[in-house]
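What follows is a single structure, written as structure tokens, with notes after it.
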Amino acid sequence: MDKLIIALLVSIGRGIFWGWVTHSVIRSKGYYTNWFWWGFFFGLFAFVAACAKPQNIWWNKPNYSSAGNAASPSSPVNSGWLCSCGRENAPYVSSCVCGISKSSYLTSKHDSLAKPEN
């Protein structure tokens, strides 16, 4: 009876190990399906299948710069407009959250650039 309990515990431990490893490999490849149970029941075979699975090309990991921040592919400052309240707005946004419209902001910005300060 003791050998049966020990064999059962070892089998469950082995299943948890292979389930976790298989799940980790699938997650690192960009899939969010649960492969834990495949690894739990099929062990090494599920791990080999997970390793053979191609990288998910529709999944993007954050691209970290040397500063440690996620680099954004397109910054609103470069392609959008910066409101006088300091908020960065995308180019398709017609008015800021503070209530200033893009056209009135651009008009006031144009007027301030056109008038030289004495």
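If you're matching positions, the sequence shown starts at 394 in this note's numbering and goes up one per residue.
Where a beta carbon is used, it is the ideal one built from N, C-alpha and C, also for glycine.
Given the structure is predicted, the values throughout are model-derived calculations rather than measurements.
field: Residues near Lys495 by beta carbon distance below 8 Å, same chain, minus five either side
entry: Trp474, Asn482, Val486, Ser487, Ser488, Cys489
- prompt: So is Ile409 buried or exposed if we call it buried at 16+ other beta carbons inside 10 Å?
  reply: exposed
- request: Can you check DSSP and say which residues form a bridge with Leu475?
  value: Glu481
Tyr425 versus Ile419 - alpha carbon distance: 7 Å
field: Collapsed DSSP secondary structure at Ser421 in the structure displayed
entry: helix
message: Looking at the strands, I want to know which residues DSSP matches up with Ser488.
response: Ser494
query: If you measure from the beta carbon of Gly492 to each beta carbon in chain B, is any gap under 7 Å?
result: Protein chain content of the structure displayed is limited to a single chain, and chain B is not contained in it.
query: If we count the other Cβ atoms within 10 Å of its Cβ and call it buried at 16 or more, is Ala400 buried or exposed?
result: exposed
message: Buried or exposed, going by whether 16 or more other CB atoms sit within 10 Å of the CB of Gly406?
response: exposed
query: Got a sec? Which residues, its chain only, sit under 6 Å from His524 by beta carbon, not counting five neighbours each side?
result: With the chain covering 394 to 511 only, the question about residue 524 has no answer from this structure.
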